[in-house]
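For the working numbering, add 887 to where a residue sits in the sequence shown, where the first one is 1.
Each residue gets a CB set at the ideal place from its N, CA and C atoms; glycine is no exception.
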Amino acid sequence: MSRLLSIDFGRKRCGIAVTDPLRLVAGGLTTVATAELISFIRGYMAREDVGAIIVGKPTTLRGEPSESARYLEPMLRQLAKAIGPDTPIVLYDERFTSVLAHKAMIDGGMRKMARRDKAIVDEISATIILNDYLQSKQYSDLNK
888 MSRLLSIDFG
898 RKRCGIAVTD
908 PLRLVAGGLT
918 TVATAELISF
928 IRGYMAREDV
938 GAIIVGKPTT
948 LRGEPSESAR
958 YLEPMLRQLA
968 KAIGPDTPIV
978 LYDERFTSVL
988 AHKAMIDGGM
998 RKMARRDKAI
1008 VDEISATIIL
1018 NDYLQSKQYS
1028 DLNK
């Protein structure tokens, strides 16, 4: 089975998380500068088998596209072109992931200075997106 990769997209940097090959556990991989995202994804996919890319969909509390959604669209087109048609790109609701990431950092005992590192927050957010996606797929498979 192939891995799933998730992206918490940001204008400056993107958090990246991946699953194990059996798609049981998601873990943070890294944070990359947004300008280097496509190149990083291509390189990662050359080394690892990735079955789908899950991208956090920025929405407001009302479920409407947020301000940052307009920056995501061009990147999605570039990414689709770079990886080809065989790897699906799935948009998944990312509401509250940054809040949950901060809470996880506090609950995990991370010091205040470390919690200010936005790169860590982005990586944890990508992990939360991927874990939520995995859980949603698990529950939808149970209801079939």
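Query: Cross-strand partners of P952 (DSSP beta bridge); Result: T946
Query: Opening and closing residue of the alpha helix (DSSP H) in which A933 lies; Result: L924 to R934
Query: Contact check, V919 vs R949, beta carbons under 8 Å; Result: no
Query: Inter-residue spacing [alpha-carbon to alpha-carbon] between S926 and M932; Result: 10 Å
Query: Which of helix, strand or coil DSSP assigns to L909; Result: coil
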